[in-house]
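Novice: Numbering (our numbering), first residue to last: 1 to 581. Beta carbons: idealized from backbone N, C-alpha and C, even for Gly. From a predicted model like this one, the values you see are computed outputs, not experimental measurements. Dropping a structure here in structure tokens format, bear with me for questions.
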Amino acid sequence: MSDIAINDAVNTKDDNGEDTDWAAAKAAYENLKTTKKPRPPKPQHAVTIAVSSRTLFNMVKERKIYEEEGLERYVAYQQQHEDEPLKPGVAFPFVKALMTVNARLRDLYPDSEELFDIVLMTNNHAQVGVRLINSINHYDLTIERFCMTGGESPIGYLKAYMTNLYLSKDSEKVQEAIEEGIAAATMFTTNMENPLSDTQLRVAFDGDAVLFSDESEIIVKKHGLDTFFQHEKEFENKPLAQLQRKFYVKNERINCPVRTYLVTARSAASSGARVLKTLRSWGLEIDEALFLAGAPKGPLLEKIRPHIFFDDQMFHIEGAQELGTIAAHVPYGIGQRESTVNMLHYPSDMMRGKTVIITGANSGIGKATALELVKLQARVIMACRDQQRAEDAAQEIRAEAGSDQGEIVIKRLDLASLQSVHSFCEEIIKEESRIDVLINNARDLPMPLHQKRRTVSRCSLGSTPGSFLLTHLLLDLLKKSAPTPGGDRRDRERPDPRDRRTNLGRHVKISLLAKPLFNLASWAFFKSPLEGAQTSIFLACSPDVEGVQGKCFANCKEEELLPKATDEEVARKLWDISEIM
1 MSDIAINDAV NTKDDNGEDT DWAAAKAAYE NLKTTKKPRP PKPQHAVTIA VSSRTLFNMV
61 KERKIYEEEG LERYVAYQQQ HEDEPLKPGV AFPFVKALMT VNARLRDLYP DSEELFDIVL
121 MTNNHAQVGV RLINSINHYD LTIERFCMTG GESPIGYLKA YMTNLYLSKD SEKVQEAIEE
181 GIAAATMFTT NMENPLSDTQ LRVAFDGDAV LFSDESEIIV KKHGLDTFFQ HEKEFENKPL
241 AQLQRKFYVK NERINCPVRT YLVTARSAAS SGARVLKTLR SWGLEIDEAL FLAGAPKGPL
301 LEKIRPHIFF DDQMFHIEGA QELGTIAAHV PYGIGQREST VNMLHYPSDM MRGKTVIITG
361 ANSGIGKATA LELVKLQARV IMACRDQQRA EDAAQEIRAE AGSDQGEIVI KRLDLASLQS
421 VHSFCEEIIK EESRIDVLIN NARDLPMPLH QKRRTVSRCS LGSTPGSFLL THLLLDLLKK
481 SAPTPGGDRR DRERPDPRDR RTNLGRHVKI SLLAKPLFNL ASWAFFKSPL EGAQTSIFLA
541 CSPDVEGVQG KCFANCKEEE LLPKATDEEV ARKLWDISEI M
């Protein structure tokens with residue numbers, strides 16, 4: 001069929017223009033030569049999933065070249081390595097499983113249309129497309145539709161490609177897509193690799209802002225738990241407002257290549273009937289429904305081993321990551337819109353020439369602080385207990401920090417071992433001429449006995465011998481960079497830790513009965529790692545606190561302490577005891 005014939009077909013569309021568009025596309029496609037792969041375009045009722053090139057393939061090395069050496073060198077490198085397949089990325093197992101589903105359905109139902117259509121959506125230059133195409137062919141992936149925007153945001157093309165779901169590692173682009181009314185999620189790499197099924201696609205969903213709307217979360221935050229329970233009872237037979245997220249209906253129960261899991265923090269007793277009836281009213285079949293009543297999702301996800309897990313809360317995403325589950329964050333709902341913390345903004349070179357040590361910088365607040373300071377061109381020394389996790393975190397920080405970023409140095413430090421603290425400080429004093437900022441982020445919380453190190457006994461929440469020794473040994477080095485004779489305020493003030501949401505709680509003993517309430521309270525009232533990092537960033541960067549010593553800060557403001565906390569005699573006793581330890 002000629003291009004004119006195609007245009008004529010399109011111009012004859014009636015009120016149902018979409019049907020005519022698909023008819024024209026299919027008619028044009030009939031004259032194409034046959035290939036081994038299933039031929040596009042997608043069927044009318046297929047689910048279109050757009051994936052970015054950095055989620056489909058591991059392009060950390062290539063991105064580093066782009067950020068450090070510029071676009072021309074990046075394109076040249078890609079052209080020089082066109083015949084070298086890119087390594088699989090975080091979305092690769094999910095996409096591969098989609099291909100398996102399509103192939104299986106064609107075998108089982110020859111007349112059935114394929115259910116999934118994958119589009120590669122990237123802001124890469126078109127010249128990079130050759131390597132992407134070669135990589136796709138190398139792995140025998142059925143991806144025929146590409147969108148390469150040459151540096152421009154691809155979000156504006158999502159609707160034109162009739163996208164149902166967009167997956168990316170760029171959280172800003174994901175937010176743009178959601179604002180355009182398209183379901184989207186930010187994908188995260190895992191700390192370990194778990195074997196996944198190669199015969200069945202397994203997808204797990206959160207129950208509220210991912211599968212449903214965030215009505216329930218709004219009620220909990222604004223009116224409390226009692227009102228939430230009443231709301232669940234009153235609206236048992238009313239489906240929640242549906243998100244843009246669309247799912248296909250499974251027509252067969254036997255030998256189905258797709259298995260779906262509802263993994264929700266809700267309680268089955270209070271809202272289980274409503275959830276299941278809502279799904280029934282949509283014509284959706286969830287194979288397994290797991291109501292956790294606030295309990296952690298990570299252990300169950302480790303058992304399920306889904307190809308992808310969608311959730312709107314980073315707490316669950318981080319828990320899934322730690323146990324090897326591929327997770328995707330959906331930034332939708334009240335939890336994403338509300339924040340009592342104002343994000344700080346400093347000149348991009350604010351910390352250039354400054355050296356900062358951050359303990360526990362491989363996750364949570366420490367990682368968020370490191371990222372923001374690297375963006376401000378600081379030289380950040382990540383002092384971490386786990387070398388591999390630190391390297392993984394550093395790689396992610398470099399990828400996210402942008403082109404003008406500071407240097408990252410990884411050093412091993414276990415604050416539970418005084419020997420490790422001494423070794424770390426000896427190395428720092430030998431290698432560094434000055435330290436501008438020391439952020440004692442890692443906390444000496446109670447830990448399981450098997451994780452204790454010799455010379456440090458079990459200590460209370462407020463006792464921090466490791467951090468004390470670290471600061472004491474580095475004090476002279478810190479004084480060299482002090483702006484005033486009184487010493488650098490940055491080695492003394494520690495942000496108030498009481499309202500931060502991190503993974504430190506895994507070592508705190510909480511009764512089984514209290515855990516659901518603790519988890520719910522955590523997400524209702526605690527800050528995200530980035531929000532929690534703001535005070536650390538403020539103390540490291542702001543000229544407003546130059547010369548300030550011996551104070552406690554929270555939410556980037558000085559807090560008034562109780563008289564007991566400023567008692568000179570008590571302070572001296574604590575100092576003497578800490579020196580002995």
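What would DSSP say about valine 128, mapped onto helix, strand or coil?
Specialist: Here valine 128 sits in helix by DSSP.
Novice: Taking all protein chains shown into account, decide if glutamine 78 is buried (16 or more other Cβ within 10 angstroms of its Cβ) or exposed.
Specialist: Buried.
Novice: Quick check: the stretch 159-169 against the stretch 183-194, are at least 3 beta-carbon pairs closer than 8 Å?
Specialist: Yes: at least three Cβ pairs fall under 8 Å.
Novice: Decide if the stretch 420-438 is in contact with the stretch 90-102; the criterion is three or more beta carbon pairs, one per stretch, under 8 Å apart.
Specialist: No, the stretch 420-438 does not touch the stretch 90-102.
Novice: Just to confirm, is the Cβ distance from alanine 320 to glycine 298 under 7 Å?
Specialist: Going by C-beta atoms, alanine 320 is nearer than 7 Å to glycine 298.
Novice: May I have a chain-ordered list of the beta strand (DSSP E) segments no shorter than 3 residues that lie completely inside the stretch 370-405?
Specialist: DSSP runs (the beta strand (DSSP E)) wholly in the stretch 370-405: 379-384.
Novice: Determine, using beta carbons only, whether methionine 382 comes closer than 7 Å to chain C.
Specialist: The displayed structure is made up of one protein chain only, and chain C is not part of it.
Novice: Check this for me: beta carbons of alanine 383 and threonine 359, under 7 Å apart or not?
Specialist: For alanine 383 and threonine 359, yes; Cβs fall inside 7 Å.
Novice: First and last residue of the alpha helix (DSSP H) that includes isoleucine 178?
Specialist: It spans 171-179 - the alpha helix (DSSP H) in which isoleucine 178 sits, taken as one unbroken run.
Novice: How long is the line joining the alpha carbons of alanine 126 and methionine 350, rounded to whole angstroms?
Specialist: Rounded to whole angstroms, alanine 126 to methionine 350 spans 36 Å at the Cα level.
Novice: DSSP three-state label for alanine 554, please.
Specialist: In this structure, alanine 554 counts as strand in the three-state DSSP scheme.
Novice: Let's see if you can read the secondary structure: which residues bound the beta strand (DSSP E) around isoleucine 49?
Specialist: Taken as a continuous stretch (DSSP letters only), the beta strand (DSSP E) holding isoleucine 49 covers 47-51.
Novice: Could you spell out where the beta strand (DSSP E) holding valine 409 opens and where it closes?
Specialist: Valine 409 -> beta strand (DSSP E) spans 408-412.
Novice: Please return the same chain residues whose Cβ sits closer than 6 Å to the Cβ of histidine 422, not counting the five positions on each side in sequence.
Specialist: Answer for histidine 422: no residue qualifies.
Novice: For serine 348 and arginine 379, what's the separation of their Cα atoms in angstroms?
Specialist: Taking the straight line joining both Cα atoms gives about 13 Å.
Novice: At the level of alpha carbons, what is the spacing between threonine 369 and cysteine 556?
Specialist: Cα to Cα, threonine 369 sits roughly 14 Å from cysteine 556.
Novice: What is the rounded straight-line gap between the Cα of valine 570 and the Cα of glutamate 432?
Specialist: In a straight line, the C-alpha of valine 570 is about 34 Å away from that of glutamate 432.
Novice: Looking at isoleucine 143 and leucine 158, is the spacing between their C-beta atoms short of 7 Å?
Specialist: No, Cβ-Cβ distance for leucine 158 and isoleucine 143 is not below 7 Å.
Novice: Output the boundary residues of the alpha helix (DSSP H) element that contains arginine 145.
Specialist: Where arginine 145 is concerned, there is no enclosing alpha helix (DSSP H), although the beta strand (DSSP E) it sits in stretches over 145-148.
Novice: Looking at the structure shown, is valine 570 part of a helix, part of a strand, or coil, going by DSSP?
Specialist: DSSP places valine 570 in helix when its eight states are reduced to three.
Novice: Please classify isoleucine 358: does DSSP put it in a helix, a strand, or coil?
Specialist: Strand, per DSSP.
Novice: Identify, in the order they occur along the chain, each residue of the same chain with its Cβ nearer than 8 Å to the Cβ of glutamate 391, setting aside the five sequence neighbours on each side.
Specialist: Taken in chain order, the residues that qualify are Ile410.
Novice: Looking at the unbroken beta strand (DSSP E) that takes in serine 168, where does it start and where does it end?
Specialist: Where serine 168 is concerned, the enclosing beta strand (DSSP E) stretches over 165-168.
Novice: Using 10 angstroms around the beta-carbon of valine 258, count the other beta-carbons present and answer buried if the total reaches 16, otherwise exposed.
Specialist: Buried, because 16 or more other Cβ atoms sit within 10 Å of the Cβ of valine 258.
Novice: Given a cut-off of 7 Å on the beta-carbon distance, is the pair glutamine 262 and isoleucine 286 in contact?
Specialist: Looking at the sequence itself, residue 262 is leucine, so the reference to glutamine does not match. Taking 7 Å as the Cβ cut-off, leucine 262 and isoleucine 286 qualify as a contacting pair.
Novice: Determine the direct distance from the alpha carbon of histidine 316 to that of alanine 265, and round the result to whole angstroms.
Specialist: Cα to Cα, the separation comes out at about 10 Å.
Novice: Relative to the C-alpha of serine 481, which residue among Leu438, Asp140, Ser52 is closest?
Specialist: Comparing Cα positions, the closest option is Leu438.
Novice: Taking the beta carbon of threonine 122 as the centre, do at least 16 other beta carbons fall within 10 Å, making it buried, or is it exposed?
Specialist: Threonine 122 comes out buried.
Novice: Please go through the same chain and pick out, in chain order, the residues whose beta-carbon is closer than 7 Å to the beta-carbon of glutamate 400, but skip the five residues on each side of it.
Specialist: Only Leu371 meet the Cβ criterion.
Novice: Identify the residues that DSSP records as bridge partners of aspartate 206: which are they?
Specialist: Paired residues: none, contrary to the question.
Novice: Whole angstroms is fine: what's the gap from threonine 325's alpha carbon to leucine 201's?
Specialist: Straight-line Cα distance between these residues: approximately 14 Å.
Novice: Can you tell me which residues form a DSSP beta bridge with aspartate 117?
Specialist: Aspartate 117 is bridged to Thr48.
Novice: Report the partner residues of threonine 186 according to the DSSP bridge assignment.
Specialist: Beta-bridge pairing links threonine 186 to Ser168, His329.
Novice: Once you ignore the five residues that flank serine 53 on each side, which residues in its own chain have a CB closer than 7 Å to its CB?
Specialist: The answer, listed in chain order, is Met59, Leu120, Thr122, Asn124, Leu132.
Novice: Short of 6 Å in beta carbon distance, which residues of its chain neighbour arginine 104, apart from the five on each side in sequence? Order them along the chain.
Specialist: Pro257, listed in sequence order.
Novice: Rounded to whole angstroms, what's the CA-CA distance from asparagine 134 to proline 85? Just pull it up for me.
Specialist: For asparagine 134 and proline 85, the distance between alpha carbons rounds to 7 Å.
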